[in-house]
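Have a look at the structure below before the remarks.
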Amino acid sequence: MNVTFSAEDLEFRDEVRKYFETEFPQDILDKRNRGIPLPREDVVRWHKNIYEKGWAAANWPTEYGGTGWTPVQKYIFADEQARANAPVFLTFGVGMVGPVIYTYGSEEQKRRFLPDILEFNTWWCQGYSESGAGSDLASLKTRADLNGDHYVINGSKTWNTLGQYADWIFCLVRTNTDVARRQEGISFVLIDMKQPGVTIKPIVLLDGEHEVNEIFFDNVKIPVDNLVGEEGKGWTYGKVLLQHERTAAAHVARSKYNLRRLRTLAGESIDGGARLADDKIFMRKVAAAEIELKALEYTELRTLASISSGKAPGPESSILKIAGTDLIQRIDSLYLEASGYYALPYVRDQYVPDFPAADYVGEGTETTSALSYFNNRKHTIFAGSNEIQKNIIAKHVLGL
Amino acid sequence: MDFELNEIQAMLADSIEKFVVNDYDFETRQKYASSEPGYSKDVWQTFAELGWTAVPFSEDDGGFDGGPVEMMVVMERLGRGLVVEPYLANVVLAGGVLRRAASDAQKADWLQSMIAGELQTTVAFVERQARYEVNDVSTAATKDGDSWVLNGAKGYVLNGDTAQLMIIPARTSGDQSDRNGITLFGVTTDSEGVSVRGYETVDGLRAAEVSLRNVSISADNVIGEVGEGYAALEGAISDATLAVSAEAIGIMTVLTEKTIEYAKSRVQFGVPISSFQALQHRMVEMYTACEQSRSLMMWAAMTIADDNEESTRAVHSLKYQVGVAGTRVGEEAVQIHGGMGVTWDLDVAHYFKRLTAINVLFGNADWHLDQLSTESGS
Numbered sequence: 003m004n005v006t007f008s009a010e011d012l013e014f015r016d017e018v019r020k021y022f023e024t025e026f027p028q029d030i031l032d033k034r035n036r037g038i039p040l041p042r043e044d045v046v047r048w049h050k051n052i053y054e055k056g057w058a059a060a061n062w063p064t065e066y067g068g069t070g071w072t073p074v075q076k077y078i079f080a081d082e083q084a085r086a087n088a089p090v091f092l093t094f095g096v097g098m099v100g101p102v103i104y105t106y107g108s109e110e111q112k113r114r115f116l117p118d119i120l121e122f123n124t125w126w127c128q129g130y131s132e133s134g135a136g137s138d139l140a141s142l143k144t145r146a147d148l149n150g151d152h153y154v155i156n157g158s159k160t161w162n163t164l165g166q167y168a169d170w171i172f173c174l175v176r177t178n179t180d181v182a183r184r185q186e187g188i189s190f191v192l193i194d195m196k197q198p199g200v201t202i203k204p205i206v207l208l209d210g211e212h213e214v215n216e217i218f219f220d221n222v223k224i225p226v227d228n229l230v231g232e233e234g235k236g237w238t239y240g241k242v243l244l245q246h247e248r249t250a251a252a253h254v255a256r257s258k259y260n261l262r263r264l265r266t267l268a269g270e271s272i273d274g275g276a277r278l279a280d281d282k283i284f285m286r287k288v289a290a291a292e293i294e295l296k297a298l299e300y301t302e303l304r305t306l307a308s309i310s311s312g313k314a315p316g317p318e319s320s321i322l323k324i325a326g327t328d329l330i331q332r333i334d335s336l337y338l339e340a341s342g343y344y345a346l347p348y349v350r351d352q353y354v355p356d357f358p359a360a361d362y363v364g365e366g367t368e369t370t371s372a373l374s375y376f377n378n379r380k381h382t383i384f385a386g387s388n389e390i391q392k393n394i395i396a397k398h399v400l401g402l
Numbered sequence: 003m004d005f006e007l008n009e010i011q012a013m014l015a016d017s018i019e020k021f022v023v024n025d026y027d028f029e030t031r032q033k034y035a036s037s038e039p040g041y042s043k044d045v046w047q048t049f050a051e052l053g054w055t056a057v058p059f060s061e062d063d064g065g066f067d068g069g070p071v072e073m074m075v076v077m078e079r080l081g082r083g084l085v086v087e088p089y090l091a092n093v094v095l096a097g098g099v100l101r102r103a104a105s106d107a108q109k110a111d112w113l114q115s116m117i118a119g120e121l122q123t124t125v126a127f128v129e130r131q132a133r134y135e136v137n138d139v140s141t142a143a144t145k146d147g148d149s150w151v152l153n154g155a156k157g158y159v160l161n162g163d164t165a166q167l168m169i170i171p172a173r174t175s176g177d178q179s180d181r182n183g184i185t186l187f188g189v190t191t192d193s194e195g196v197s198v199r200g201y202e203t204v205d206g207l208r209a210a211e212v213s214l215r216n217v218s219i220s221a222d223n224v225i226g227e228v229g230e231g232y233a234a235l236e237g238a239i240s241d242a243t244l245a246v247s248a249e250a251i252g253i254m255t256v257l258t259e260k261t262i263e264y265a266k267s268r269v270q271f272g273v274p275i276s277s278f279q280a281l282q283h284r285m286v287e288m289y290t291a292c293e294q295s296r297s298l299m300m301w302a303a304m305t306i307a308d309d310n311e312e313s314t315r316a317v318h319s320l321k322y323q324v325g326v327a328g329t330r331v332g333e334e335a336v337q338i339h340g341g342m343g344v345t346w347d348l349d350v351a352h353y354f355k356r357l358t359a360i361n362v363l364f365g366n367a368d369w370h371l372d373q374l375s376t377e378s379g380s
């Protein structure tokens, strides 16, 4: 038993660190550090920059353009990415639809879609949830009716993330209502957003941001070639996808960065005022969060190590989403607490690029801490609420 | 990076697991705990014959050359069996001090006898006023020719009613809480002026209050240098903190398994109570607490083995985690077992009591958290 990284791993770490310090667009890191959200063109630009480096798809097999990294290298990359405060990958293309296409799609679909996903020429979004199908996803009602060489899509999807920027959407739709189990009549289809019958309606979240949408399909025609895999197997494909994504849900690197920065902020005195670092009650909470983070990190490393040695992830991997998202929220609440009064100004203009947040109400961090706290309530709700995750563990791990 | 046990560690784990399963069921444990001297001398002798008492010592000292990972392996499994034999007091605590600071002559005399199972030993690290501060030592030793004279009192001396040799930290200089000026003495309990009042503890073990009145100790019995005993004492306490944390994780795992098993078999309202979501989620939280604690234990054991700069932080983090998570798992196990959970006859209650005691040992959760909140963090 040991936790040392090999010499090759350390060399890799240095290479990744150097990339973020020199080759990655530094103006984008600067915006991140000032709490300014990135417009669409920035998101595309940095994804393409990583693509040029050859690092766009850590989770893909090399034959489709993946990096071929070991689990430990993936861990190191994520750690360095967070250390640089670089943005995280938009997961819908490379993380989600890509693996479904290369695993279950036709050769034609692979040729047609994978290169543009990798290169970020296509912005993908996801259509799973519906207003009547949240945690109970299998009750979804959006229909795809076969009509000769095409399907006709009718229905609506909700909680669609950043679809206002997207070119394509992958959806779970009902192709058959006459089935024994509801899960069996569901198919996985790809839909071009830029066509008649697709309308998009913004949903503004509690932080005031337009991050998600409701999407309506009104007699939208898609060729049968846009069905991935077999009709009626969409549920299985969607589930396999979620299992592959377990370790990503732990967000260890991001929480590590945020807790480290919190320690630094707590150690500073503003205009001779008292330091938070001298507040025993606050610092106990910080220390407790750090312990929880370390436990999470090692649970993730245990998972990575068992994947590395060719085994399936152990049952401990199932707790990563729950523990990881709880921790994100705990850290957010610590930032909120640390910001005091300056958590409260709601400065819409700070989201305009180059808005001088620091000149107006203090450090960028303070003015976004409440908004971040509000926004990140979503983490314990999406991707299978934490209560659903506990149901899954109860059934599949504990056998209850 | 590797989280697997090596071949030797796996064999050690396997042999202790077999012992617990085959020779140490709950009734046997209760019988040993309620007999004199509070454990089985035969079992202790078996531990010595199997080499388990030699695990953390160097080959030069006649040991197995085991480190923190081996200690973790042993203690987690002793925890699963709720073993009452005085491994912690002898091997971890007294052994921990002796291997760090004892002279060759002292090792030949005391350490070898302890490893052979022939000498019962302990470290008296608690004083009433000190709570968890091991450096708070008011027991005093004054020089008298070639000897030292000890006066003072020690509390909660583990294995104190059986020990023939006690390692007594006493102040030879400085103020009551100074780290410098603490000297370690090997005191045989039949020495004039040593009085021992033994008692049972709530977790089925034995301890003692010890008073020292003008106890004359030869200078040959000073362990290490005069005034410089703190480092070895702290080292042994740190070993013991990892050890009881591993023991706690063994216990937590058993409690979670037993609770799941019980919930599946207990029928109320015509269904197994394991079908109730309110209970399912609580058992998932018990399971999560075990796995998160296990992750921290591995981190701690590996950083100590690496002599990594993070090792102090790791031990504090682990003990905090075990205190909080262990209490939660113990309380939940009792709750989900319902009325049975609060009976003396059910093993669950006794596992819970041991977890409660472990939370206190070597500093409770709050104390360890405080050590972390004041230092510089990650």
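Going down the list, the sequences are from chains A and B.
According to our numbering, the first sequence holds residues 3 to 402 in order.
According to our numbering, the second sequence holds residues 3 to 380 in order.
Quick reminder that beta carbons are idealized off the backbone N, C-alpha and C, glycines included.
- Message: Buried or exposed for B:Tyr201, going by 16 or more other Cβ atoms inside 10 Å?
- Response: Counting from one through the second sequence, the residue named residue 201 of chain B turns up at place 199. If you draw a 10 Å sphere on the C-beta of B:Tyr201, you find fewer than 16 other C-beta atoms in it, and that means exposed.
- Task: Given a cut-off of 8 Å, decide if A:Cys127 and A:Asn87 are closer than it, judged by their beta-carbon atoms.
- Result: For the purposes of this step, residue 87 of chain A is taken as residue 85 along the first sequence, with counting starting at 1. For the purposes of this step, residue 127 of chain A is taken as residue 125 along the first sequence, with counting starting at 1. Taking 8 Å as the Cβ cut-off, A:Asn87 and A:Cys127 do not qualify as a contacting pair.
- Query: By how many angstroms is the C-alpha of A:Ile383 removed from the C-alpha of A:Asp2?
  - Reply: Outside the displayed range of chain A (3 to 402) lies residue 2 of chain A, so it cannot be described from this structure.
- Own chain residues within Cβ distance below 6 Å of A:Asn228, not counting five before or after: Locating residue 228 of chain A in the first sequence gives position 226, counting from the first residue. Exclusion of the five residues before and after A:Asn228 leaves Val191, Leu192 as the residues of its chain whose Cβ lies within less than 6 Å of its Cβ.
- Would you give the residue range spanned by the alpha helix (DSSP H) that B:Asp62 belongs to? Within the second sequence, numbered from 1, the residue matching residue 62 of chain B stands at position 60. Note, B:Asp62: premise wrong, no alpha helix (DSSP H); not H, not E.
- Message: If the cut-off is 7 Å on Cβ atoms, which residues from the stretch 234-262 of chain B count as contacting chain A, listed in chain order?
- Response: Here the close residues are Ile262.
- Please classify B:Gly83: does DSSP put it in a helix, a strand, or coil? As a first step, residue 83 of chain B is located in the second sequence; it is residue number 81 there, counting from the start. Here B:Gly83 sits in helix by DSSP.
- Decide if B:Val22 is buried, meaning its Cβ has at least 16 other Cβ atoms within 10 Å, or exposed. The residue given as residue 22 of chain B occupies position 20 in the second sequence. With 16 or more other Cβ atoms inside 10 Å of its own Cβ, B:Val22 counts as buried.
- Message: I'd like to check one pair, B:Val151 with B:Thr141: are the Cβ atoms closer than 8 Å?
- Response: As a position in the second sequence, residue 141 of chain B is number 139, starting the count at 1. As a position in the second sequence, residue 151 of chain B is number 149, starting the count at 1. Between B:Thr141 and B:Val151, the gap from beta carbon to beta carbon reaches 8 Å or more.
- Task: Please classify A:Phe376: does DSSP put it in a helix, a strand, or coil?
- Result: Within the first sequence, residue 376 of chain A is the residue found at index 374, counting from 1. Helix.
- Message: Against B:Asp4, what residues of chain A qualify as contacts under a CB-to-CB distance less than 7 Å, listed in chain order?
- Response: Here the question's residue 4 of chain B lines up with position 2 in the second sequence. Those are Met3, Asn4, Ala307, listed as they occur along chain A.
- Query: Going along chain A in order, which residues have a C-beta closer than 8 Å to the C-beta of B:Asp308?
  - Reply: Locating residue 308 of chain B in the second sequence gives position 306, counting from the first residue. Correct list: Asn4, Val5, Thr6.
- Since B:Met300 meets chain A, which of its residues come closer than 9 Å, beta carbon to beta carbon? For the purposes of this step, residue 300 of chain B is identified with residue 298 of the second sequence, where counting begins at 1. Chain A residues near B:Met300: Met3, Val5, Tyr300, Leu303, Arg304.
- Measure the C-alpha to C-alpha separation of B:Ala316 and A:Glu132 and round it to an integer number of angstroms. For the purposes of this step, residue 316 of chain B is identified with residue 314 of the second sequence, where counting begins at 1. For the purposes of this step, residue 132 of chain A is identified with residue 130 of the first sequence, where counting begins at 1. Near 45 Å, if we compare the C-alpha coordinates of A:Glu132 and B:Ala316.
- Message: Can you tell me whether B:Met168 is helix, strand or coil according to DSSP?
- Response: The count along the second sequence starts at 1 and reaches residue 168 of chain B at position 166. When DSSP states are grouped into helix, strand and coil, B:Met168 belongs to the strand group.
- Name the chain B residues whose beta carbon is nearer than 7 Å to that of A:Lys296? As a first step, residue 296 of chain A must be located in the first sequence, where it is residue number 294. Per Cβ cutoff of 7 Å: Leu298, Trp301, Ser319.
- Message: Strictly below 9 Å CB to CB, what residues from chain B border A:Val399?
- Response: By 1-based counting over the first sequence, the position of residue 399 of chain A is 397. Residues of chain B passing the Cβ test: Val286, Tyr289.
- Any chain A beta carbon closer than 8 Å to B:Ser380: By 1-based counting over the second sequence, the position of residue 380 of chain B is 378. A caution first: B:Ser380 carries a pLDDT of 41, below 50, which makes its placement in the model too unreliable to give a value.
- For the beta strand (DSSP E) that contains A:His398, what are its first and last residues? By one-based count along the first sequence, residue 398 of chain A stands at place 396. Taken as a continuous stretch (DSSP letters only), A:His398 belongs to no beta strand (DSSP E), as it is neither H nor E.
- Name the two residues that bound the continuous alpha helix (DSSP H) containing B:Trp112. Numbered from its first residue, the second sequence carries residue 112 of chain B at position 110. Neither: B:Trp112 is in no alpha helix (DSSP H) and is coded neither H nor E.
- What number of angstroms, rounded off, separates the C-alpha of A:Tyr362 from the C-alpha of B:Ala367? For the purposes of this step, residue 362 of chain A is taken as residue 360 along the first sequence, with counting starting at 1. For the purposes of this step, residue 367 of chain B is taken as residue 365 along the second sequence, with counting starting at 1. With a pLDDT of 40 at A:Tyr362, under the threshold of 50, the predicted position of this residue should be treated as unreliable, and no value is reported.
- How many Å lie between B:Tyr41 and B:Ile306 at the Cα? On the second sequence, residue 41 of chain B is found 39 positions in, with the first residue counted as 1. On the second sequence, residue 306 of chain B is found 304 positions in, with the first residue counted as 1. Straight-line Cα distance between these residues: approximately 31 Å.
- Under 8 Å by Cβ, that's how I've got B:Ala91 and B:Leu160 pegged, so tell me the actual separation to the nearest angstrom. The sequence position of residue 91 of chain B within the second sequence is 89, counting from 1. The sequence position of residue 160 of chain B within the second sequence is 158, counting from 1. Taking the Cβ atoms as the reference, B:Ala91 lies roughly 4 Å from B:Leu160, within the contact range of under 8 Å.
- Task: Return the residue from the list B:Pro70, B:Ala155, B:Ile18 that minimises the CA-CA distance to B:Gly53.
- Result: Position 51 of the second sequence, counted from the start, is the residue given in the question as residue 53 of chain B. When each option's Cα is compared against that of B:Gly53, the closest is B:Ile18.
- Segment limits, alpha helix (DSSP H) that includes B:His370: By 1-based counting over the second sequence, the position of residue 370 of chain B is 368. In this chain, the alpha helix (DSSP H) harbouring B:His370 covers 367-376.
- For A:Tyr2, which residues from the same chain have a beta carbon less than 6 Å from its beta carbon, with the 5 sequence-adjacent residues on both sides left out? There is simply no residue 2 of chain A to check, as chain A begins at 3 and stops at 402 in what is shown.
- Item | Nearest candidate by alpha-carbon position, reference B:Asp62, set B:Trp46, B:Val85, B:Lys109, B:Arg31 | Working through the second sequence from its first residue, we reach residue 62 of chain B at position 60. Of the candidates B:Trp46, B:Val85, B:Lys109, B:Arg31, the one whose C-alpha sits nearest the C-alpha of B:Asp62 is B:Lys109.
- Message: By alpha-carbon positions, which one of B:Ser247, B:Phe278, B:Glu236 ends up nearest to B:Val362?
- Response: Mapped onto the second sequence, residue 362 of chain B falls at position 360. Out of B:Ser247, B:Phe278, B:Glu236, B:Ser247 has the C-alpha closest to the C-alpha of B:Val362.
- Message: Which residues does DSSP list as the beta-bridge partners of A:Asn4?
- Response: As a first step, residue 4 of chain A must be located in the first sequence, where it is residue number 2. In DSSP, A:Asn4 forms a bridge with B:Asp4.
- Chain-order list of residues whose beta-carbon lies under 8 Å from that of A:Asp180 (same chain, five-residue window excluded): Taking the first sequence and counting its residues from 1, one reaches residue 180 of chain A at position 178. For A:Asp180, same chain residues with a beta-carbon under 8 Å away, outside a window of 5 residues either side, are Gly187 in chain order.
- Message: For the alpha helix (DSSP H) containing B:Trp46, name the first residue and the last one.
- Response: Residue numbering aside, residue 46 of chain B sits at position 44 when the second sequence is read from its first letter. In this chain, the alpha helix (DSSP H) harbouring B:Trp46 covers 43-51.
- Message: I need the boundaries of the beta strand (DSSP E) containing B:Glu211, first residue and last residue.
- Response: Locating residue 211 of chain B in the second sequence gives position 209, where the first residue counts as 1. Bounds of the beta strand (DSSP E) holding B:Glu211 are 208-220.
- Query: Given a threshold of 16 other Cβ atoms within 10 Å of its Cβ, counted over all protein chains shown, does A:Ile283 qualify as buried or as exposed?
  - Reply: Locating residue 283 of chain A in the first sequence gives position 281, where the first residue counts as 1. Its Cβ having fewer than 16 others within 10 Å, A:Ile283 is exposed.
- Item | Pairwise C-alpha distance: A:Lys143 and B:Arg79 | The count along the second sequence starts at 1 and reaches residue 79 of chain B at position 77. The count along the first sequence starts at 1 and reaches residue 143 of chain A at position 141. Each residue's Cα considered, the two are about 52 Å apart.
- Message: According to DSSP, is A:Gly67 part of a helix, a strand, or is it coil?
- Response: Here residue 67 of chain A refers to the residue found at position 65 when the first sequence is read from its first residue. The three-state reading of DSSP puts A:Gly67 in coil, since its state is none of H, G, I, E or B.
- Exposure of A:Glu203, with buried meaning 16 or more beta-carbon neighbours within 10 Å: By one-based count along the first sequence, residue 203 of chain A stands at place 201. The residue asked about is misnamed: residue 203 of chain A is Lys in this sequence, not Glu. Burial call: exposed.
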